[in-house]
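Protein chains in written order, with numbering that gives the first Met the number 0: chain S, 0 to 180; chain B, 0 to 352. No residue lacks a Cβ here, since even glycine has one placed at the ideal position from N, Cα and C. Small disclaimer: the values here were computed from a predicted structure and weren't measured.
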Amino acid sequence: MLCENCKKRPATVYVRRSINGVTTEAHLCEECARERGELNFLTGPSFTFPDLSLGSLFSSLLDHLPVAPGGSLLTGTTLRCPECGLTYGDFRERGRLGCARCYTTFREQLEPLIRRLQGGLRHAGKVPRRSGGALRVKHDLETLRRRLKEAVSREAFEEAARLRDEIRALEQKLKGGEGGV
Amino acid sequence: MFDAEAVFTQVRSAWLGPGPNSDIVVSSRIRLARNLVDLPFPSAAGKDALAEVLSRVRRASEHLPEARRYQFLELGRLSPLDRQVLIEKHLISPEHAREPEGRGVVLRDDETVSIMVNEEDHIRLQVLLPGLDLNAAWQLANRLDDSLEQQLDFAFDEKLGFLTACPTNLGSGLRASIMLHLPALVLLNQAGQVFTTLSQLGVVVRGLYGEGTQALGNFFQISNQLTLSQSEEDLISNLLALVGQVLEQERAARSRLYQEFGNRLVDMVWRAYGTLTSARILSGNEAMKLLSDVRLGVTLNLLPHVDLGTLNRLLVLTRPGFIQRVAGQQLPPAERDVRRAAIVREELLGKNK
Ligand SMILES: [Zn+2]
Ligand SMILES: [Zn+2]
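Shown next as structure tokens:
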């Protein structure tokens, strides 16, 4: 499309103005738009952004999941969660799991997907007290050890001493068995 | 006493008040996804299982710190307008209200905390604070999660972390979001570039109002993309570092606008203010666009008598559900536009007279 103003250069700027409910549109080249003072500013910017959403990435990954991983077509699509009854085929279609047990049932199929989606397969966040058990203590230990390193490198020796005590106490707790957690 | 009606008829949400960097940042949100270990996820759950989740979470919420400040609402017992108001206040999601039966929400009186029950996951715990205050939002969310976890057994795996209905939320189950107003980057046509860069750095950007890829009023929400393999603190500090850059870019764009287009900018801002304080008919879209212009003007001290808090309140007051709920009835769009204009005039002029 050519610029509506000079009719020479290609139109690259779309100008849309809305005044008192009356909308006017124009397709202009950059020079004419600039001349008319309409480049981007005061034009009701023609701003749209590309779909960069998580959902679109996820559904494209789902689309590339094999129909029947690690087996015949039959065993693949009919692999079924004993807890909620969801099949692998259902998951591929909806992108949602049916229950916590699904993660065990479909682990082999899910892990490559999760790795690509999440960039890794190692939880590094919060661990719940009730279902987390000894893992929670190990996790706290890791955090404390990292902070100790930082404290030492900052030469914050009082803080480091305090952290060392905390670490020792936790290590005792861990040795004391899961019951102490 | 808890005024159960107030949430539907008053705009008193703490997140609309003043906060750090409120010239650009409207609010900060932390959302944690959790599921009960022994019940199917909501999309696969029958009526009984959904009811069981509701009652367990409701009971657990009675042990939250300051439990008296919370009320529990069953979405199925609310009118469609009530549900729409909760959506417009960002207290529940549109997906949550789509099939209201068997869904519920626990709300704190200042609307800082909402716990969605049986959304995509059994529990979506949300903390919403004004301005750029993500760390405080995380600390509160973490405490509330600890409290819920004392009463409930959450589905958890050593490797995959908290188990969620969709693998995009696995691990921490944490989605941190910042709601930003970026008018200058949009006016100078730099927003697209900024967002493309952000998306390459593991951040998701979406328009907060408007449909599809249109961003109405230049409000955007920026969130972390990944949820697994990093601690909550790391996820949050990464997001904050990127948001800090966006703030710098928006501030630079605002001062460039002012220096290069001073007269036009002043004109644009005052025209918007003039229309908002004079119009007798205002569509939702027009109101949003004009509020964006006025908001920019206020942060540049071009409209010193207008208060940012008032503009934030208008973001909720001018939404169609809220207008109708306050009117006490469903209204056709033309009627809403008349009421919207009256509400805006009253908010902007009423207080100075
Ligand atoms: Zn031209
Ligand atoms: Zn299952």
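For E119/B, verify whether its CB is less than 7 Å away from any heavy atom of ligand 2. no
Top-ranked residue by Cα proximity to E30/S, from S58/S, R161/S, L1/S: L1/S
Say yes only if the C-beta of L35/B is nearer than 7 Å to one or more non-hydrogen atoms of ligand 2, and no if none qualify. no
Taking 8 Å as the threshold (C-beta atoms), are Q171/S and L227/B in contact? no
Could you give the DSSP three-state label for Q70/B: helix, strand or coil? strand
6 Å CB neighbourhood of Q168/B in its chain, flanking five on each side removed: The displayed chain sequence assigns Asn, not Gln, to residue 168/B. Counting only Cβ-Cβ distances below 6 Å, and skipping sequence neighbours, we find A32, T226.
Check the Cβ of F71/B against every Cβ in chain S and list those closer than 8 Å, keeping chain order. Going along chain S, no residue has its Cβ under 8 Å from F71/B, so there is no contact; the nearest lies around 23 Å.
Going along the chain, which residues of its own chain have a beta-carbon closer than 8 Å to the beta-carbon of E110/B, five neighbours each way excluded? V6, R11, S12, A13, W14, K88, L90, L127
C-alpha distance - R294/B paired with L310/B, whole-angstrom precision: 7 Å
Counting beta carbon pairs with one atom in the region 51-63 of chain B and one in the region 162-182 of chain B, are three or more of them shorter than 8 Å? no
Between E232/B and V315/B, what straight-line distance do the alpha-carbon atoms span, to the nearest angstrom? 31 Å
When burial is assigned at 16 or more other CB atoms within 10 Å of the CB, is I280/B buried or exposed? Counting every other CB atom within 10 Å of its CB across the protein chains shown gives I280/B a total below 16, marking it as exposed.
Contact set between P166/B and chain S, taken where Cβ atoms lie within less than 7 Å: L109, L112, I113, L116
I want to check one thing, is the minimum distance from the CB of Y98/S to the heavy atoms of ligand 2 below 7 Å? With the sequence shown as reference, residue 98/S is identified as Cys, and Tyr is not the correct amino acid for it. Checking the Cβ of C98/S against ligand 2 gives yes.
Name the DSSP beta bridge partners of H180/B, please? F218/B
Name the chain S residues whose beta carbon is nearer than 8 Å to that of G170/B? Q117, H122, A123, G124
Under the three-state reduction of DSSP, which class applies to P81/S: helix, strand or coil? coil
Where G296/B and V185/B are concerned, what is the direct C-alpha to C-alpha distance, given to the nearest angstrom? 15 Å
Consult DSSP for M0/S and reduce its assignment to one of helix, strand or coil. coil
Under 8 Å: do the region 197-208 of chain B and the region 87-103 of chain S share three or more Cβ pairs, one atom per stretch? no
Let me check understanding here. Comparing Cα to Cα, which of R115/S, R114/S, F90/S lies closest to F105/S? F90/S
CB of E334/B to nearest heavy atom of ligand 2: below 7 Å? no
Once DSSP output is grouped into helix, strand and coil, what is the label at V182/S? Only positions 0 to 180 of chain S appear in this structure, which leaves residue 182/S out of reach.
Under 8 Å by Cβ, that's how I've got A271/B and T317/B pegged, so tell me the actual separation to the nearest angstrom. With 8 Å as the limit, A271/B and T317/B do not qualify as a contact, their Cβ atoms being about 14 Å apart.
Which residues in chain B have a C-beta closer than 9 Å to the C-beta of G97/S? List them in chain order. Correct list: P39, F40, S42, A43, A44, A164.
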